[in-house]
Amino acid sequence: MFRISPEHIDPAALARELRDPAAGACATFEGWVRNRNDGRAVSTLEYETHAALAEKEGGRILEEARAKFSILKAVCAHRSGALAIGDLAVWVGVAAEHRDTAFEACRYIIDQTKLRVPIWKREHYADGTVDWVNPAERKAR
Amino acid sequence: MSKRVRVQYFALLREQRGLAQESLVTEAATAGDLYEELRARHGFTLPSEQLRAAVNDEFAPWTAPLSEGDVLVFLPPVAGG
């Protein structure tokens, strides 16, 4: 299940969804809000999403991970709304029989989420400016 | 043939348009044509190469034909995670 969460993410609750007697491995990833981006000091940020499209595309990514890596379960939750430095922005968890596929699927899910899911980030900088993060511009630099 | 469609804006596009959504009548035949029409009218800075289109809550190619009552979203470059 891929969820957009307007409230704080609860990692323990999400990890419980991964429990499976056949699982020998559980790999998780946490994305935290950093205090710097592209050389600028960040004070806070906001995530905006198209929730319906995000949950659909996120759901597809989890399905792909299940098929590609033969894992047992996968869960992802991504915040929307205002976050502070250090807050948990995204949580990915995978349960699999063995650790190889658990690690690979976890990596795949976060990488694809960053690439494809309709979520936008607006950063507030220490110098008072505010900007929408545009990965297309960042790559060109 | 003119059609009435609804357009929803997010992130930078919403700021540049000044609205979250609008209902409009267009002669545009495809999602891409509609974006170019709106871009010219409102001066959007993002080129279509950096965007994705969605029609009725599904991603769609720029060549997707428009129908009466469609809901269009033009998605700026995503930055989640």
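Chains A and B, in that order, are what the protein sequence lines are.
Each residue of the first sequence is one higher than the last, beginning at 17 in the working numbering.
Each residue of the second sequence is one higher than the last, beginning at 1289 in the working numbering.
Here a beta-carbon is modelled for each residue, glycine too, at the ideal position from N, C-alpha and C.
So, with DSSP's three-state summary, where would you put residue i?
{"i": "E1324 (chain B)", "result": "helix"}
{"i": "H114 (chain A)", "result": "coil"}
{"i": "G75 (chain A)", "result": "helix"}
{"i": "L1363 (chain B)", "result": "strand"}
{"i": "P1335 (chain B)", "result": "coil"}
{"i": "A1352 (chain B)", "result": "coil"}
{"i": "L1307 (chain B)", "result": "coil"}
{"i": "A70 (chain A)", "result": "helix"}
{"i": "A1341 (chain B)", "result": "strand"}
{"i": "E80 (chain A)", "result": "helix"}
{"i": "R19 (chain A)", "result": "strand"}
With burial defined as no fewer than 16 other Cβ atoms inside 10 Å of the residue's Cβ, what is the status of residue i: buried or exposed?
{"i": "N150 (chain A)", "result": "buried"}
{"i": "T129 (chain A)", "result": "buried"}
{"i": "L131 (chain A)", "result": "exposed"}
{"i": "R115 (chain A)", "result": "exposed"}
{"i": "K89 (chain A)", "result": "buried"}
{"i": "S96 (chain A)", "result": "buried"}
{"i": "L1307 (chain B)", "result": "exposed"}
{"i": "R32 (chain A)", "result": "exposed"}
{"i": "E1337 (chain B)", "result": "exposed"}
{"i": "A28 (chain A)", "result": "exposed"}
Does the distance from the CB of residue i to the CB of residue j come in under 7 Å?
{"i": "L1334 (chain B)", "j": "P1364 (chain B)", "result": "yes"}
{"i": "V58 (chain A)", "j": "A105 (chain A)", "result": "no"}
{"i": "G74 (chain A)", "j": "F18 (chain A)", "result": "yes"}
{"i": "L1301 (chain B)", "j": "T1314 (chain B)", "result": "no"}
{"i": "I135 (chain A)", "j": "V1366 (chain B)", "result": "yes"}
{"i": "V1293 (chain B)", "j": "D1345 (chain B)", "result": "no"}
{"i": "A93 (chain A)", "j": "S21 (chain A)", "result": "yes"}
{"i": "L30 (chain A)", "j": "C42 (chain A)", "result": "no"}
{"i": "E3 (chain A)", "j": "R138 (chain A)", "result": "Because chain A in this structure spans residues 17 to 157, residue 3 (chain A) falls outside the shown range and cannot be described."}
{"i": "I126 (chain A)", "j": "I77 (chain A)", "result": "no"}
{"i": "G1369 (chain B)", "j": "G109 (chain A)", "result": "no"}
{"i": "I25 (chain A)", "j": "W107 (chain A)", "result": "yes"}
Just the Cα atoms here: how many angstroms apart are residue i and residue j?
{"i": "E64 (chain A)", "j": "W1350 (chain B)", "result": "23 Å"}
{"i": "L69 (chain A)", "j": "E79 (chain A)", "result": "15 Å"}
{"i": "A1342 (chain B)", "j": "T117 (chain A)", "result": "32 Å"}
{"i": "A39 (chain A)", "j": "S86 (chain A)", "result": "12 Å"}
{"i": "D143 (chain A)", "j": "S1311 (chain B)", "result": "38 Å"}
{"i": "C122 (chain A)", "j": "V1361 (chain B)", "result": "29 Å"}
{"i": "E1303 (chain B)", "j": "D54 (chain A)", "result": "22 Å"}
{"i": "R1329 (chain B)", "j": "K84 (chain A)", "result": "44 Å"}
{"i": "E1356 (chain B)", "j": "A1348 (chain B)", "result": "16 Å"}
{"i": "T1318 (chain B)", "j": "R1340 (chain B)", "result": "13 Å"}
{"i": "A1316 (chain B)", "j": "E1324 (chain B)", "result": "9 Å"}
{"i": "T60 (chain A)", "j": "H140 (chain A)", "result": "5 Å"}
{"i": "A67 (chain A)", "j": "M1289 (chain B)", "result": "32 Å"}
{"i": "A156 (chain A)", "j": "V91 (chain A)", "result": "With a pLDDT of only 44 at A156 (chain A), under the threshold of 50, the placement of this residue in the model should not be trusted, and no figure is reported."}
{"i": "L99 (chain A)", "j": "Q1296 (chain B)", "result": "24 Å"}
{"i": "V146 (chain A)", "j": "A1352 (chain B)", "result": "34 Å"}
{"i": "D36 (chain A)", "j": "F45 (chain A)", "result": "18 Å"}
Runs of alpha helix (DSSP H) lying entirely within the segment 82 to 156 of chain A, each at least 4 residues, in chain order: For the segment 82 to 156 of chain A, whole alpha helix (DSSP H) runs of length 4 or above, ordered along the chain, are 115 to 132 and 151 to 156.
Which residue spans inside the segment 27 to 68 of chain A form an unbroken alpha helix (DSSP H) run of at least 4? Counting only runs of 4 or more, we get 27 to 32.
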